[in-house]
Amino acid sequence: MTMLDRMRRHMSWLKWSLGLVCLAFIIFYIPDFLRGSGADAASGETIAKVAGQEITTGEFRRTYQAQLQAYRSAYGSNMSEQLLKQLGIEQQILSQMVDERAALAEADRLKIDVSDEEVRQRILSMPAFQENGTFIGDARYQQLLRMQRPPMAPSEFEDSVRRSLKVEKLRGSLTDWLSVTDKELEQEYRRRNDKVKLAIVSFTADTFRNQVSASDSDVAAYFESHKDDFKIPEKRKIRYLLVDIDAMRAKINLPQSEVERAYNNNMEQYTTPEQVRASHILLKTEGKDDAAVKAKAEDVLKQARGGADFAELAKKHSEDEGSAKNGGDLDYFGRGRMVPEFDQTVFAMQPGQISDLVKTQYGYHIIKLVDKKTATTRSLQEVRQQIVDQLSYERAQAQAADLSQTIEKQISKPADLDRVAKAQGIVIQESGFFARDEPILGLGPAPEVANKVFEMKQGEVSGALRASRGFVFETLVARQDPYTPKLEEVKDRVRDVVVKEKARDVSKQKAAEIAAKLKASPDFEKTAKASGVEAKMTELISRDSPIPDLGTAPAVEEQAFSMTVGAVSDPIPTDNGTAVVKVLEKKEVTPDEWKNAKERFREELLTDRRNRFFSAYMVKAKQRMKIDVNRETLQKAIG
2 MTMLDRMRRH MSWLKWSLGL VCLAFIIFYI PDFLRGSGAD AASGETIAKV
52 AGQEITTGEF RRTYQAQLQA YRSAYGSNMS EQLLKQLGIE QQILSQMVDE
102 RAALAEADRL KIDVSDEEVR QRILSMPAFQ ENGTFIGDAR YQQLLRMQRP
152 PMAPSEFEDS VRRSLKVEKL RGSLTDWLSV TDKELEQEYR RRNDKVKLAI
202 VSFTADTFRN QVSASDSDVA AYFESHKDDF KIPEKRKIRY LLVDIDAMRA
252 KINLPQSEVE RAYNNNMEQY TTPEQVRASH ILLKTEGKDD AAVKAKAEDV
302 LKQARGGADF AELAKKHSED EGSAKNGGDL DYFGRGRMVP EFDQTVFAMQ
352 PGQISDLVKT QYGYHIIKLV DKKTATTRSL QEVRQQIVDQ LSYERAQAQA
402 ADLSQTIEKQ ISKPADLDRV AKAQGIVIQE SGFFARDEPI LGLGPAPEVA
452 NKVFEMKQGE VSGALRASRG FVFETLVARQ DPYTPKLEEV KDRVRDVVVK
502 EKARDVSKQK AAEIAAKLKA SPDFEKTAKA SGVEAKMTEL ISRDSPIPDL
552 GTAPAVEEQA FSMTVGAVSD PIPTDNGTAV VKVLEKKEVT PDEWKNAKER
602 FREELLTDRR NRFFSAYMVK AKQRMKIDVN RETLQKAIG
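Taking the numbering used here, I'd label the letters of the sequence shown as residues 2 to 640.
Okay, structure coming up:
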């Protein structure tokens, strides 16, 4: 699995990390100025303007660098700025910054203001400027601001805090009226926290495809009654000039001295920090008697130190659903990835050692250290090609952005494309017809290019548009109106749909046959096996959890949570087949658990509801605003 694949697999964590960085930006660089952020791009240039509010390259680059550091902390030396760009993180950061500027513009429209005293009180309360709970004083405050690269004047920082407070006031004025009733609160808490354990047999429609066929008459009949499903959307054809980054990259020769300098200046990229591999057993305390949980934890610890198999103890006792089924294994992790109490204990241990009880916000942990890896730095020889690839890509991208900016000044009509292309030694290309959401011949998926041409008229030529291969200048050649095709044009598509439907029907039939046997038998697993299918067991799972072979299956989930323990369902349709389930166990929220969690959950649910309301409000607000983005300046800022 490539580094990029692993990052995409963990995109939920990455989005969370990005949210933290952008929140830090809204609080205006506080964590960043404490550690410095490297050289800025030309800070005065404007990347975007939102209802008159500017986003400069300096502001963008500061936030971008903070995010790059967050990735490097998580992925070590494998992380490169090129990978970050391939994930499109710069667009996510810019979107967050545009949202923040739009909120400021809306606050101004509603005449929301922040006083000097409010700014002062916020700064005095910031942990970054406190020592033992007391403000560090004006001299050290200004010293910390000067440590920012470039240095930040107190007035600049205080203006940023003012803007942050203004956004907070806007959010509060729009959402503070929202509330949640006790009934809604309890229903949602139970929906999220009630759990079931299931035995499942599933019949995937694909399994039965080779048992069914679709005759021409079947295909014709289906098409006749489902013509709208096969309607061909509007399509367009373009001629385009591509400033190809890869073509430029192939011509770049980097001197050895530049590669060595990049290595020495970015040594932290190639350093893997100390890591440990540990297993743990967690006994949760939320909603329970602490003393009773601790007593049980001490008993399990005694067993672990007495020679019992730690993995088996974890499978039996641990309440960490993510690791218990793997014997408590947490895999390798670096410092700072676990809560402080856990972190401090595990990094002080030696392989094979079992800790005393460790109390955290989650409960009592018993930790076994499996392995420890010291920090390592990869040699220049090991990472030379990675550095060459990254530097050549960045230089090619910068060259492509500069050339695109030059070309844009020379093109005002479609005929200019050929003249400029000839002068630059670039071959003009022509796509086939494509719909708005389809890949483009020669470019592949290129949403910005596709969206633009669907706004254009013939005779117009676009400015520079970003695609994965580089920058594109396009002109509309032809337009194809939407239409309902003749059967012959989509016959293969229709036949495939008919076969899928027939295979699904077979899966329903097979499920109905075995469901009757399963309901009549006390042994679900044995009866399933005798019928030629495998029954799979889940752990205790909550709603919205993936189910073996089915993934997220709302219909199965709804049925399972409505059944009693021991009951077997009728056949349940799934996205790609049919399933039958038996409820083995149910774990519902107890009155004590609900009582202990009620107020904490009220705040959580209210925050979620207010965030969603504010986001929806700002979507509408932005529709009234003029928002301009300078793509070339953006590319320079990250190039």
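For every residue, glycine included, the Cβ atom is placed at its ideal position computed from N, Cα and C.
Quick caveat, the model's predicted, so the values are computed rather than measured.
{"Check": "Output needed for residue 415: all residues of its chain with C-beta closer than 6 Å, excluding positions within five of it in sequence on either side, in chain order.", "Outcome": "462, 476"}
{"Check": "Tell me whether residue 437 sits in a helix, a strand or coil according to DSSP, three-state version.", "Outcome": "coil"}
{"Check": "Taking Cβ to Cβ, would you say residue 626 is nearer than 8 Å to residue 103?", "Outcome": "yes"}
{"Check": "Using a 10 Å radius around the Cβ and a threshold of 16 neighbouring Cβ atoms, would you call residue 571 buried or exposed?", "Outcome": "exposed"}
{"Check": "The alpha helix (DSSP H) that contains residue 509, what's its start and end?", "Outcome": "488-521"}
{"Check": "Going straight from the alpha carbon of residue 354 to that of residue 506, what length do you get?", "Outcome": "56 Å"}
{"Check": "Would you report the Cα separation of residue 291 and residue 471, rounded to the nearest angstrom?", "Outcome": "60 Å"}
{"Check": "Where DSSP assigns a beta bridge to residue 49, which residues make up the other side?", "Outcome": "56, 630"}
{"Check": "Classify residue 499 as buried or exposed, calling it buried when 16 or more other Cβ atoms lie within 10 Å of its own Cβ.", "Outcome": "buried"}
{"Check": "Taking Cβ to Cβ, would you say residue 129 is nearer than 8 Å to residue 168?", "Outcome": "no"}
{"Check": "Let me know the secondary structure DSSP gives residue 212 once reduced to three states.", "Outcome": "helix"}
{"Check": "Fully enclosed by the region 139-189, which beta strand (DSSP E) runs are 3 residues long or longer?", "Outcome": "none"}
{"Check": "Assign residue 637 to buried or exposed, taking buried as 16 or more other Cβ atoms, counted over all protein chains shown, within 10 Å of its Cβ.", "Outcome": "buried"}
{"Check": "Skipping 5 residues on each side, what residues in its chain have a beta carbon closer than 6 Å to that of residue 276?", "Outcome": "333, 335, 374"}
{"Check": "Does DSSP classify residue 324 as helix, strand or coil?", "Outcome": "helix"}
{"Check": "Using the Cα positions of residue 10 and residue 90, report the straight-line distance between them to the nearest angstrom.", "Outcome": "Unreliable positioning characterises residue 10 in this predicted model, as indicated by a pLDDT of 40, which lies under 50. The coordinate reading is nonetheless provided below. Roughly 15 Å separates the two Cα atoms."}
{"Check": "Identify whether residue 363 lies in helix, strand or coil by the three-state DSSP scheme.", "Outcome": "coil"}
{"Check": "For residue 227, report the span of its alpha helix (DSSP H) as first-last.", "Outcome": "Per DSSP, residue 227 belongs to no alpha helix (DSSP H) and is neither H nor E."}
{"Check": "If the criterion is Cβ atoms closer than 8 Å, does the pair residue 321 and residue 283 meet it?", "Outcome": "yes"}
{"Check": "DSSP three-state call for residue 607: helix, strand or coil?", "Outcome": "helix"}
{"Check": "Assign residue 306 to one of three DSSP states: helix, strand, or coil.", "Outcome": "helix"}
{"Check": "Tell me whether the region 582-597 and the region 218-236 touch, counting them as touching only if at least three CB pairs, one residue from each stretch, are closer than 8 Å.", "Outcome": "no"}
{"Check": "My assumption, with CB atoms under 8 Å, is that residue 240 sits in contact with residue 439. Please give the rounded CB distance.", "Outcome": "That pair is no contact at about 17 Å."}
{"Check": "In the DSSP output, which residue or residues are listed as bridge partners for residue 239?", "Outcome": "477"}
{"Check": "Along the chain, where does the alpha helix (DSSP H) containing residue 569 start, and where does it finish?", "Outcome": "Premise fails: residue 569 is in no alpha helix (DSSP H) and is neither H nor E."}
{"Check": "For the candidate residues 210, 122, 294, whose alpha-carbon lies nearest to that of residue 135?", "Outcome": "122"}
{"Check": "Within a Cβ cutoff of 7 Å, which residues of the same chain sit near residue 302, ignoring the five residues on either side of it in sequence?", "Outcome": "358, 367"}
{"Check": "Counting pairs of beta carbons, one from the region 244-254 and one from the region 323-330, are three or more of them closer than 8 Å?", "Outcome": "no"}
{"Check": "Does DSSP put residue 64 in a helix, in a strand, or in coil?", "Outcome": "helix"}
{"Check": "On a Cα-Cα basis, can you pick out the residue from 46, 630, 492, 511 that is closest to residue 227?", "Outcome": "492"}
{"Check": "Helix, strand or coil for residue 590 per DSSP?", "Outcome": "coil"}
{"Check": "Does the Cβ of residue 599 have 16 or more other Cβ atoms within 10 Å, making it buried, or fewer, making it exposed?", "Outcome": "exposed"}
{"Check": "Can you tell me whether residue 204 is helix, strand or coil according to DSSP?", "Outcome": "strand"}
{"Check": "Could you tell me the alpha carbon to alpha carbon distance between residue 307 and residue 299, rounded to whole angstroms?", "Outcome": "12 Å"}
{"Check": "Closer than 8 Å is the cut-off here; do at least three beta carbon pairs connect the region 525-540 with the region 260-268?", "Outcome": "no"}
{"Check": "Span of the alpha helix (DSSP H) holding residue 394?", "Outcome": "381-411"}
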